[in-house]
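Note sheet for the following structure.
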Amino acid sequence: MVVRLHLNENPWDLPPEAKAWVADQRWHLYPDEGLYDLVRARVAAHWGVPAESVLLTNGADEAIALLMLWYRRVAFWRPAFSGYAWVARGWELDAVEIPLGPDFEVPWDAMLEARDRLLFIDRPHNPSGLCLLGRAELADLLERWAAWVVLDETYADFARASLTDMFDPEGRLIVLRSFSKSFCMAGLRLGFMVAPRSVLKPLEVRRLPFNVNRLALYTALWVLDRPELFRTYVDAVRRERQAMLERMARLPGLRVWPSEANFILFQGPRPIEGLVRRLAEYGIQIRNLENVVGPGAGRVSVGRPEDNARFLNTLEAYYAAEVPGRLAVP
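Here the sequence shown stands for residues 3 to 332, numbered as in our numbering.
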């Protein structure tokens, strides 16, 4: 069995009772507006935002694409979530990439040169896992920005704090959220944006009919009824993340970033590809980020305890080995 520690998925699946309840629905029918509106209202209540400001999407990816194709003049950090550049390049949009510093420092003055563009900020940031701006920085940015700021909070449930509550229906902040991470629904593709009506109106006529399927909508109702269950998943990921960070930090020569997401960025003195190959022998996948962050850089998702232990054992052996490839079995 392959252990996927490269896609930042939740390591726990939905419980059988969730699947049984959803399976009992009628699948021969298209999603109707009543069901869509019900889920939208439940989303609004859960996150404390106006229902008329919520647009449900086929994952946060569709929200990103809708926004970019609407505004067409966009900006985002480099590095950042790869989906921003993927949409911008694929659709040949007018895009500006704002390079972060070597330690992911934000160049605030340089950013303001793009203040008339739709700005995408992922918080926590991918791939570092850091929250690169706080409440005060975001408030200041919104005051000085001429267009809209899109705050991508896909990983926010794993962080110390969310900034979704800064949304103002009359302001310039757009928030993206996802059911993929803390709600274990990555395979069902459900996300949403919270945006002013002046933004949502042109997007509502651009989104495809039935863009969110019945399976995802019914599952969303089930999970939103049980927030305490999914808080236990989030707490488990946070505990495992902390244990991994502490153990990785003890390795000489290995740099580890203090993540607030469900993944950890690290950089070591040896090529990451050797570690990737050895982990693959044990059925574990991680992400090679040498082309994004620099030599020796990789990213690992926080998995189940037993999978994290196998990863850590192999990691320690790889960086302790004097001869490349001479590793202990985890």
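Cβ atoms here follow ideal geometry from the backbone N, Cα and C, with glycine treated the same way.
Nearest candidate by alpha-carbon position, reference SER200, set GLY173, LEU190, VAL214: Here residue 200 refers to the residue found at position 198 when the sequence shown is read from its first residue. Check the Cα spacing between SER200 and each of GLY173, LEU190, VAL214: the tightest is with GLY173.
GLN1 classed as buried or exposed, judged by whether at least 16 other C-beta atoms fall within 10 angstroms: Examination of residue 1 is not possible in this model, given that the chain is present from 3 through 332 alone.
Pick from ALA188, GLY131, CYS133 that is closest to ASP63, judged by C-alpha positions: The residue labelled residue 63 in the question sits at position 61 within the sequence shown. Selected option, being the one with the closest Cα: ALA188.
Start and end residues, beta strand (DSSP E) containing ILE288: Position 286 of the sequence shown, counted from the start, is the residue given in the question as residue 288. Unbroken run through ILE288: none, as it is neither H nor E.
C-alpha distance - ARG209 paired with LEU68, whole-angstrom precision: The residue you call residue 209 lines up with position 207 of the sequence shown. The residue you call residue 68 lines up with position 66 of the sequence shown. Those two C-alpha atoms are separated by around 7 angstroms.
Through-space distance from GLU318 to GLY327, alpha-carbon basis: Indexing the sequence shown from 1 puts residue 327 at position 325. Indexing the sequence shown from 1 puts residue 318 at position 316. Confidence in GLY327 is poor, its pLDDT being 41 and thus under 50, which makes the residue's placement too unreliable to answer from.
Where PHE265 falls, given that 16 or more other Cβ within 10 Å makes a residue buried: Numbered from 1 along the sequence shown, position 263 holds the residue referred to as residue 265. Label assigned to PHE265: buried.
C-alpha gap between ALA149 and LYS183, whole angstroms: By 1-based counting over the sequence shown, the position of residue 149 is 147. By 1-based counting over the sequence shown, the position of residue 183 is 181. Cα to Cα, ALA149 sits roughly 29 angstroms from LYS183.
Cβ-Cβ distance between ARG117 and MET168 below 8 angstroms: By one-based count along the sequence shown, residue 117 stands at place 115. By one-based count along the sequence shown, residue 168 stands at place 166. No, these two residues do not count as a Cβ contact at 8 angstroms.
Beta-bridge partners of THR59, as assigned by DSSP: Reading the sequence shown from its first residue, position 57 is the one you call residue 59. In DSSP, THR59 forms a bridge with GLY193.
Per-residue DSSP class, three states only, for ASP237: On the sequence shown, residue 237 is found 235 positions in, with the first residue counted as 1. In the structure shown, ASP237 sits in a helix (DSSP, three-state: H, G or I).
Cα-Cα separation, PRO332 to ARG257: Taking the sequence shown and counting its residues from 1, the one referred to as residue 332 is at position 330. Taking the sequence shown and counting its residues from 1, the one referred to as residue 257 is at position 255. Per-residue confidence for PRO332 stands at a pLDDT of 39, beneath the threshold of 50, marking its modelled position as unreliable; no derived number is given.
Nearest-angstrom Cβ-Cβ length linking VAL76 and VAL196, presumed shorter than 8 angstroms: Locating residue 76 in the sequence shown gives position 74, where the first residue counts as 1. Locating residue 196 in the sequence shown gives position 194, where the first residue counts as 1. Taking a contact as a CB-CB distance under 8 angstroms, the pair VAL76 and VAL196 does not count as one, their CB atoms being some 19 angstroms apart.
Chain-order list of residues whose beta-carbon lies under 8 angstroms from that of GLU19 (same chain, five-residue window excluded): Residue 19 sits at position 17 when you count from the first residue of the sequence shown. Answer for GLU19: no residue qualifies.
Enclosing beta strand (DSSP E) for GLU99 [first to last residue]: To locate residue 99, count along the sequence shown from 1; it is residue 97. Boundaries of the beta strand (DSSP E) around GLU99: 96 to 101.
Within 8 angstroms, strictly: CB atoms of LEU135 and ARG125: As a working note, residue 135 is residue 133 in the sequence shown. As a working note, residue 125 is residue 123 in the sequence shown. Contact flag set, yes.
ARG240 versus TYR73, LYS21, ASN310, residue with shortest Cα-Cα distance: As a working mapping, residue 240 is identified with position 238 in the sequence shown. Looking at the Cα atoms, ASN310 is the closest of the given residues.
Extent of the continuous alpha helix (DSSP H) run through ASP111: For this step, residue 111 is matched to residue 109 along the sequence shown. Residue range 110 to 113 is occupied by the alpha helix (DSSP H) that includes ASP111.
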